[in-house]
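Q: This structure is in structure tokens; I'll ask about it shortly.
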Amino acid sequence: MGIAACRLLFIGSSILLSWLSSPIVLAQEASGTLEIELNSMTDVSGGCRLSFVATNSLGDLDKTALEIVEFDSNNLVNQVLVLDFGKLPNNKTRVIQFDVAHACQSISRLLVNQIAECSGAAIDSNVCLKGLKTANRTTIKFGM
Numbered sequence: 005m006g007i008a009a010c011r012l013l014f015i016g017s018s019i020l021l022s023w024l025s026s027p028i029v030l031a032q033e034a035s036g037t038l039e040i041e042l043n044s045m046t047d048v049s050g051g052c053r054l055s056f057v058a059t060n061s062l063g064d065l066d067k068t069a070l071e072i073v074e075f076d077s078n079n080l081v082n083q084v085l086v087l088d089f090g091k092l093p094n095n096k097t098r099v100i101q102f103d104v105a106h107a108c109q110s111i112s113r114l115l116v117n118q119i120a121e122c123s124g125a126a127i128d129s130n131v132c133l134k135g136l137k138t139a140n141r142t143t144i145k146f147g148m
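Numbering (my numbering), first residue to last: 5 to 148.
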């Protein structure tokens, strides 16, 4: 092996070792979960109050919003909503309530259509969808 090849091998090895030893922050993989539970539905003046329990173990989320499709009692699409859950700190449970314009008994199903927004330090936008789990304590269908 010639001197030029040895130098090239040495430089390549030095770059590789430098890269391997440097602290690199990569986008977080979905090692935790974002659990959204439809906890209750209550008739209120002019509509229905949906109460969700959100438990996040993905990392600190600065903005979190879900696109939800509401189906009526005939299982037809009634409306598409974007529910803004706001900041969801890591390892924290929050209760969030949303009022919709229809009576509770007219809602047959809520479908999580997509993640409208998911952002945080070192959080890849796909992490929320990969880590999303749904739960339900009501009589209507809720899930993905």
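Just so it is clear, CB atoms sit at the ideal spot from N, CA and C, and this is done for glycine as well.
Do G36 and G147 have their beta-carbon atoms positioned less than 9 Å apart in this structure?
A: no
Q: Taking C-alpha atoms, which residue in T138, Q101, E71, V99 lies nearest to E121?
A: Taking only the C-alpha atoms, the option nearest E121 is E71.
Q: Reducing DSSP to helix, strand and coil, say where G135 ends up.
A: helix
Q: So what does C52 bridge to, in DSSP terms?
A: D47, V104
Q: Using CA coordinates, which residue listed in A107, L114, R113, Q118 is at the minimum distance from G51?
A: A107
Q: Going by alpha carbons, who is nearest to F89 out of T143, N140, L42, E74?
A: L42
Q: Quick check: the region 80-87 against the region 123-135, are at least 3 beta-carbon pairs closer than 8 Å?
A: no
Q: Restricting to Cα atoms, I'd like to know which of K67, S61, V84, T68 is closest to I111.
A: V84
Q: Taking the alpha-carbon positions, what's the D64 to R98 distance?
A: 13 Å
Q: Apart from the five residues on each side of it in sequence, which residues of its chain come closer than 7 Å, Cβ to Cβ, to L87?
A: Correct list, in chain order: A69, L70, I72, F102.
Q: For L2, list the residues DSSP reports as bridge partners.
A: Since the displayed the chain opens at 5 and closes at 148, residue 2 lies outside it and no answer follows.
Q: Tell me the DSSP secondary structure of S110 in three-state form.
A: helix
Q: Which residue wins for smallest C-alpha separation from I100, given the options I144, P93, L54, N60?
A: L54
Q: At what residues does the beta strand (DSSP E) containing G147 begin and finish?
A: 145-147
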